[in-house]
Amino acid sequence: MNLPLASNVKQKRSSLKSSYLWNSLLANWHYHFGRTGEAILNWVDLLNYDSPKPRLNVVRSLIDAQGFQEARDYLELQESNVESPEMNYLLAQCYVGQALIPQAKKKIEQAIHIKPQNSIYWDLLADCFLELGDWREAIKSLDNSLRAAPKHAETNFRLGIIYAFHDQYMEALMCFQGCCQLQPHKSLYWEMKAEMHLRLEQLTDACQSFEKALRYGGTPDLAARLAYCYIQNKQIKKGIKYYKLTLKYEPDHYDSLSNLAAVYQNQGLSQEALNLLERAKNIFPKDPILLNNYAFTLVHQGRTRKAAEYYREALELTPNHPLILYNLCVCLTRKGNWQEGITLLKKLTEIDPNHSAGWALLGNVYDQIDQFDTAIDCFNKALKLA
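Quick note on numbering: numbering that gives the first Met the number 0 labels position 326 of the sequence shown as 325, and the sequence is numbered without any gaps.
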């Protein structure tokens with residue numbers, strides 16, 4: 000005797016494949032595996048299912064997948080039947096995605112008029128103002144967003160970035176300070192706070208903030224920034240310590256090699272400085288400032304002729320750099336090469352007429368070749384500029 004089937008499995012499968020749930024799962028599956036085009040087609044199919052309410056969850060998925068036109072078509076069709084702040088917000092997102100900023104601004108303002116306490120609406124309005132180049136109005140929008148969601152650290156961070164970009168460092172510092180209070184273990188917030196302290200020449204506070212940034216997200220770059228702060232704050236031993244820490248984990252960290260070499264040179268450790276500069280030169284052999292520093296270190300070792308070669312190489316890369324011109328002239332005059340020294344010093348004073356050291360050196364050269372009246376004129380110009 001044949002036993003009856005508990006259910007018609009084939010019929011169930013057919014029904015499942017044509018169901019809303021199946022298409023929703025299929026869309027998410029395609030999107031998860033990077034097949035965005037197929038996912039968008041599935042989501043558009045879902046929008047065609049009858050529903051007493053707009054399918055805003057599907058629209059959000061389309062917007063996340065940058066299916067802005069498909070989401071916009073559906074929303075504009077629904078707009079004639081029902082209007083809500085959320086629909087205006089989603090439509091504004093579509094317009095922003097298609098670079099239709101004035102239309103987006105109008106829609107998000109309509110949403111805010113109905114529901115002003117929603118922080119994400121204000122965030123999108125700030126985006127519109129930034130796209131329109133009005134950063135002050137963007138700040139007002141973000142301030143309103145913070146009133147709606149005062150514990151949202153990311154809004155504080157956005158405010159800080161805008162202030163910092165426009166050189167409003169004290170305001171930016173206050174924003175980043177708020178971020179650190181709301182999320183005290185996020186390295187990026189402490190790093191930006193430290194950078195603002197540095198811009199405001201608050202070196203001790205900058206060191207403390209960089210210390211915390213390093214503690215919560217240690218990277219060689221952060222260690223190098225901390226080292227720089229300590230050097231600027233005259234805490235040389237700590238600065239050297241953190242430059243060494245940077246180079247331990249990133250031996251080719253160019254800034255650390257160059258800066259630590261400068262520290263060693265200032266301490267009279269010319270050979271240690273030269274070793275670091277040699278490593279840096281292997282990384283970027285055509286950096287004129289590095290070549291200048293390399294030559295400067297050679298001068299302190301008494302290797303003036305070799306130093307002049309590197310100064311000339313640096314000048315080939317940047318012919319009108321006052322510092323390099325002056326340093327080369329010092330080398331030339333030490334070797335008694337008066338005529339070339341005069342030629343380059345005249346070029347230097349043409350480029351930078353207020354270069355007092357250049358005028359003084361030119362006076363010394365003329366004095367050496369017994370052109371005393373010209374030397375006095377140069378010394379007088381140097382004295383006026385000193």
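The C-beta atom is built at its ideal place from N, Cα and C for all residues, glycine as well.
Bear in mind the structure is a predicted one, so any value in this text is a computation, not a measurement.
Query: Close Cβ partners of His-100 (< 8 Å) along its chain, the five nearest in sequence each way excluded; Result: Looking at the sequence shown, residue 100 is not His but Ile. Around Ile-100: Tyr-94, Cys-127, Glu-130 and Leu-131.
Query: Trp-28 versus Asp-44: straight-line alpha-carbon distance, rounded; Result: 15 Å
Query: Beta-carbon separation (whole angstroms), Ala-374 vs Ser-355, contact threshold 8 Å; Result: That belief does not hold up - the Cβ atoms of Ala-374 and Ser-355 are roughly 15 Å apart, past 8 Å.
Query: Between the CA atoms of Val-364 and Leu-382 - distance to the nearest angstrom; Result: 16 Å
Query: Ser-83 to Ser-23 span [Cα, whole Å]; Result: 24 Å
Query: Option nearest Lys-192 by Cα separation, candidates Thr-203, Ile-341, Ala-171 and Ala-70; Result: Ala-171
Query: Pro-405, DSSP secondary structure in three states; Result: Because the chain is modelled from 0 through 385, residue 405 falls outside the range shown and cannot be assessed.
Query: Test item: CB-CB of Leu-89 and Leu-55 under 8 Å; Result: yes
Query: Under 8 Å between C-beta atoms of Gln-307 and Leu-289; Result: Before going further, note that residue 307 is Ala rather than Gln in the sequence given. Going by C-beta atoms, Ala-307 is not nearer than 8 Å to Leu-289.
Query: Distance between Leu-324 and Gly-357 (C-alpha atoms, nearest Å); Result: 9 Å
Query: Cβ shell of Arg-157 (< 7 Å), same chain only, five flanking positions each side left out; Result: Leu-141
Query: Cβ pair Lys-285, Leu-316 closer than 8 Å; Result: yes
Query: Sequence-distant residues of the same chain with beta carbon closer than 8 Å to His-196, five excluded per side; Result: Leu-172, Leu-202, Asp-204, Ala-205 and Ser-208
Query: Asp-220 versus Trp-121 - alpha carbon distance; Result: 35 Å
Query: Boundaries (first-last residue) of the alpha helix (DSSP H) holding Gln-367; Result: 355-367
Query: Within 8 Å, strictly: CB atoms of Asn-403 and Gly-177; Result: Lying before the first or after the last residue shown, residue 403 is absent from the chain, which here runs from 0 to 385.
Query: First and last residue of the uninterrupted alpha helix (DSSP H) at Pro-51; Result: Where Pro-51 is concerned, there is no enclosing alpha helix (DSSP H), given that its DSSP letter is neither H nor E.
Query: Continuous alpha helix (DSSP H) stretch holding Ser-118: start and end; Result: 118-130
Query: Segment limits, alpha helix (DSSP H) that includes Asp-142; Result: 134-147
Query: For Ala-313 and Asn-291, believed in contact at Cβ under 8 Å, the rounded distance; Result: 5 Å
Query: Beta-carbon contacts of Asn-319 that lie in its chain and below 6 Å, excluding the five residues immediately before and after; Result: Ile-350
Query: Whole-angstrom distance between Ile-161 and Glu-190, CA atom to CA atom; Result: 16 Å
Query: Beta-carbon spacing of Ala-223, Tyr-248 below 8 Å; Result: no
Query: Residue range of the unbroken alpha helix (DSSP H) whose run includes Gly-238; Result: 235-248
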